[in-house]
Amino acid sequence: MQRVYLDNNATTIVDPKVKEAMEVYFCQQYGNPNSLHEFGTEVHPAMRIALDRLYAGIGARDEDDVIVTSCATESNNTVLKAIYWEVIAKTQKKRILTTPVEHPSVSQVCEFLQNQGAEIVELPLNQDGIVDLETLKAFLEPEKTALVSIMWANNETGLIFPIKDMATYTHSVGVLFHTDAVQAIGKIPVNVQEAPVDYLSFSAHKFHGPKGVGGLYIRKGAPFVPLLHGGEHMGGKRSGTINVAGMVGMGLAMELANEALPYEHTEVRRLRDKLEEAILSLSDTMVIGKREHRVPNTILASFRGVEGEALIWDLNKYGIAASTGSACASESLEPNPVMVAIGVDRELSHTAVRFSLSRFTTEKEIDYTIEVLTNSVKRLREISSTYTKKRR
Amino acid sequence: MAKNQLIGGALWENYSRKVAERMDNPFYRGELTEEDAKRMGGKLVIADWGAESCGDAVRLYWIVDPKTDTILDARFKSFGCGTAIASSDMMAELCIGKTVDEAVKITNLDVERALRDAPDIPAVPSQKMHCSVMAYDVIKQAVAIYKGVDRESLEEEEIVCECARVSLRTIRDVIRINDLKTVEEITQYTKAGAFCKSCIQPGGHEKRKYYLVDILREVREEMVKEKTMTEETKFSDMTIVQKHKILEKIIDEEIRPMLAADGGSLEIVDIQSTDNGKTLVYIRYLGACNGCASAMTGTLYAIQGYLNRKVDENIVVYPI
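Below, the structure is given as structure tokens:
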């Protein structure tokens, strides 16, 4: 059976070039980079190249730090808890400004910190589904605020937040800014000089690198305390024997992802738009968020009368991987928070399915998906108790 | 289960083959019309439950023979996930051939059990049970419509969770039938509390008459009381070990603290069951009780009387 992977916002295929570059660090150059002997030191040049690529990939300066972590969840935890220990617990700045649509590795850490005495304020989304600069200005009280933490692009809708403007403003009033850039890297240009953030989290497996390795950018001088203690790794900022293969893979993956950005914005976008047009040509469908506000690979679509999980079940039967954050789906019964926040008709909040492409997606795969999707939507609407065509 | 939980994401893998088959090809999907009813000589009943905004909605069609109250045919339509569709399909199948009064007794557990491949492996994971609860509720709705019970009177039912339209009765039943122990389980089974969360506990964005935490506590207390009562009646049939456990617990919690106030205590030395249903409990006094005059009179009567009241009237206590 043909298999089509359209869940690239969840994880991606490892680029074969990345895998090849990593291979030598398993059975040949397997030394611990902290060792004094040659087994340890012979991996240092590759680590240097990896760091060079990561620094270049996001525009970090030499005096800044880009530490290698195990995942973006660790990076997000590190930043938020460092802010808690270094700022919230020690000063009168108790507040973290964030959004209602952050990944759980931000939102649930905030919830945890709230129980420890932090004050968490969620900025409302505007009608485009993003937080705009005006809203941030209206809510940001510098003397009370320890950190602003806003994702660069949303995982479910693909909507891009105006990080450059918001980071610039936040900096100008003397408040720290963190962004979870997991869904941005490899999809849009990310540069910490143009968008002056203090902390930026990313994860290799979202841009065709390996799982189990992520990164955290820390601007020079930004408050910091490690999450993991117990060694001198990463300059004492993140203990734990360094995942050399993962670090090498992430560095190359970052470089390749940035090189592929023009392709992402032409070819991936063209295929995404083709699928999106096909979805919109079915009756009673909608796509969340304006196309020009989204990363080029993502579609969050709603099919009236069709429950999201039922649809991904059907697609899976034909080898197509898509996902949903709606009530019946996944292991949670919560309605999709992004759509609720955006103010989409509550009835539609359980009908959302996300398709996310990558530079490995082919036209043939998109054509096949359109065919299967059309049939599945028809079948499920025939069973549906709530769907009557053109009900409005 | 621990390893499965560590791997995670195993929702669909835990569906039975029957659930998957009925999701892919539900036998009883579709509608029944007045014409079908006329042809079969029955009365058409159409019942709706749930709402699209809650993520699950089901419509049940019956044709009922008005003379015998037998359900001649059933169909359904569903807005819901695979489990919702499969449960509705099985529910429709279970209705056919039953009388309306028999059908009203079909519970979500009957539907779930009928969807199992093996008798002791659940057909769906627990967070999907709410889909079969829908099937249970829509039958009740159909019966109400068939019997001509005023819709208004149905609305008077105490609704605990407005978002998911879950009644007090459903919540109490589901806790009891499934032996639920946490609010999260109630939410998984019924969807009550999954949406605005106001009904979970006081302090939500809306004030409610009932809260899940209170209902859960009350029902659990009732269940414990009932269980203790059953245990009381069966005390004489228990093994020595079971008797010892119960006696040791009550002595430790209720009697020793009283004796301790006077610097004494006691231990159980032996327990014997006699043929005529009596339980002989041999105790040894410790500390200040040892040698106390009252130990053979007032204190002894008090201990025996207490055990007779609380555990079994045929207990006789012997100090040694």
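Read top to bottom, the protein sequences are chains R and X. Just so you know, the numbering used here puts 290 at position 290 of the first sequence, and the rest follows in order with no gaps. Adding 1000 to a residue's 1-based position in the second sequence gives its number in the numbering used here. Backbone N, C-alpha and C define an ideal beta-carbon position, used for all residues, glycine too.
Pull up the distance between the alpha-carbon of T285/R and that of E277/R, whole angstroms please.
-> 11 Å
Where do the N-terminal and C-terminal ends of the beta strand (DSSP E) with G231/R fall, by residue?
-> No beta strand (DSSP E) contains G231/R, which DSSP labels as neither H nor E.
CB A146/R to CB R95/R, shorter than 8 Å?
-> yes
State the start and end residues of the unbroken alpha helix (DSSP H) segment that holds K1245/X.
-> I1240 to I1250
Below 8 Å between beta carbons is the criterion; list the residues of the region 1060-1081 of chain X that meet it against any residue of chain R, in chain order.
-> F1076, K1077, S1078, F1079, G1080 and C1081
Chain-ordered chain R contacts of V1058/X [CB-CB under 7 Å] = S385
Using a Cβ-Cβ cut-off of less than 7 Å, give me the residues of the region 222-241 of chain R that come near chain X, in sequence order.
-> none
Under a CB-based cut-off of 8 Å, is E307/R close to chain X?
-> yes
Between the region 1082-1096 of chain X and the region 1027-1045 of chain X, do three or more beta carbon pairs fall short of 8 Å?
-> yes
Nonlocal neighbours in the same chain, by C-beta distance under 7 Å from Y1189/X, ignoring five residues either side = M1129, H1130, V1133, V1174, N1178 and L1180
Find the nearest neighbour of A245/R within the set L6/R, S283/R, V14/R and E134/R, judged by alpha-carbon distance.
-> V14/R
Could one say the Cβ of H1205/X lies closer than 8 Å to chain R's Cβ atoms, at least one of them?
-> No answer about H1205/X holds up, because its pLDDT of 48 lies below 50 and its placement is not dependable.
When you compare each of V1160/X, M1258/X and A1092/X to A1288/X by their alpha carbons, which one comes out closest?
-> M1258/X
Closer than 6 Å by C-beta to S358/R: which residues in its own chain qualify, once you throw out the five before and the five after it? Chain order, please.
-> N8 and T12
Whole alpha helix (DSSP H) runs in the region 1090-1173 of chain X with 4 or more residues, listed along the chain?
-> 1100-1103, 1108-1114, 1129-1146 and 1151-1155
Consider the C-beta atom of L113/R and the heavy atoms of the ligand ADP; say whether any pair is separated by less than 7 Å.
-> The ligand ADP is not among the ligands present in this structure, which contains no ligands whatsoever.
Counting pairs of Cβ atoms below 8 Å between the region 292-307 of chain R and the region 146-158 of chain R, do you hit three or more?
-> yes
Give the straight-line distance between the Cα atoms of G1080/X and I383/R, rounded to the nearest whole angstrom.
-> 10 Å
Grab the span of the beta strand (DSSP E) containing D1270/X for me, first residue to last.
-> G1264 to S1273
So G1298/X is in the alpha helix (DSSP H); what residue range does that whole segment cover?
-> G1298 to K1310
Is DSSP giving E119/R helix, strand or coil here?
-> strand
Using a C-beta cutoff of 8 Å, does R346/R count as contacting chain X?
-> yes
Measure the beta-carbon distance from I1215/X to H1244/X and round it to whole angstroms, keeping in mind my assumption that it falls under 8 Å.
-> That belief does not hold up - the Cβ atoms of I1215/X and H1244/X are roughly 35 Å apart, past 8 Å.
Coil, strand or helix - T374/R by DSSP = helix
State the CB to CB distance for the pair A204/R and G249/R, rounded to an integer number of angstroms; the pair is presumed to be in contact (CB under 8 Å).
-> 6 Å
Assign K1077/X to one of three DSSP states: helix, strand, or coil.
-> strand
What are the boundary residues of the alpha helix (DSSP H) that T170/R is part of?
-> I163 to S172
Consider the Cβ of P1122/X: report whether some Cβ of chain R lies at a distance smaller than 8 Å.
-> no
Does any C-beta atom of chain X lie closer than 8 Å to the C-beta of K317/R?
-> yes
Inter-stretch contact at 8 Å, needing at least 3 Cβ pairs: the region 65-72 of chain R / the region 122-130 of chain R = no
Exposed or buried, what is I417/R when buried is set at 16 or more other beta-carbons lying within 10 Å of its beta-carbon?
-> Chain R is shown only over 1 to 392; residue 417/R falls outside these bounds and no answer can be derived.
Under three-state DSSP, which class holds L256/R?
-> helix
Does any residue of chain X bring its CB to less than 8 Å from the CB of W85/R?
-> no
Between L373/R and L315/R, which are expected to be in contact by the criterion C-beta below 8 Å, what is the C-beta distance as a whole number of angstroms?
-> 7 Å
Of all Cβ atoms in chain R, is any one closer than 8 Å to the Cβ of R1256/X?
-> no
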